[in-house]
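Participant: Mind looking over this structure? Questions follow.
Residue numbers (this note's numbering): 20 to 107.
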């Protein structure tokens, strides 16, 4: 099982979300532990990791649309949620 963590910046942003938005983001983090390569691929400068984004629609969050940006390392078998980008 892959471990998935929040960066300090993502954890701070998560604390500012509504409860339903927090629950939606947490469901993505848990899903990353089962399938860490589920997002849309992003360019990544580090050859030892891959970056992805999972877009949550307002219908899924009960609030705003949120993009969950994370980096996955196969070597470490770990995912790090880097940023949470919440829409208007």
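Ideal Cβ placement from N, Cα and C applies to all residues, glycine included.
(1) By how many angstroms is the C-alpha of residue 93 removed from the C-alpha of residue 32?
(2) Mind checking who residue 59 pairs with in its DSSP beta bridge?
(3) Quick one: what's got a C-beta closer than 6 Å to residue 36's C-beta in the same chain, skipping five residues either side?
(4) By Cβ distance below 6 Å, which residues in the same chain neighbour residue 79 in space, the five residues on each side in sequence not counted?
(5) To the nearest angstrom, how far is it from the Cα of residue 48 to the Cα of residue 84?
(6) In the DSSP assignment, find the alpha helix (DSSP H) that holds residue 39 and state where it starts and stops.
(7) What are the boundary residues of the beta strand (DSSP E) that includes residue 23?
Facilitator: From the atom records:
(1) 26 Å
(2) 72
(3) none
(4) 43
(5) 16 Å
(6) 38-53
(7) 22-25
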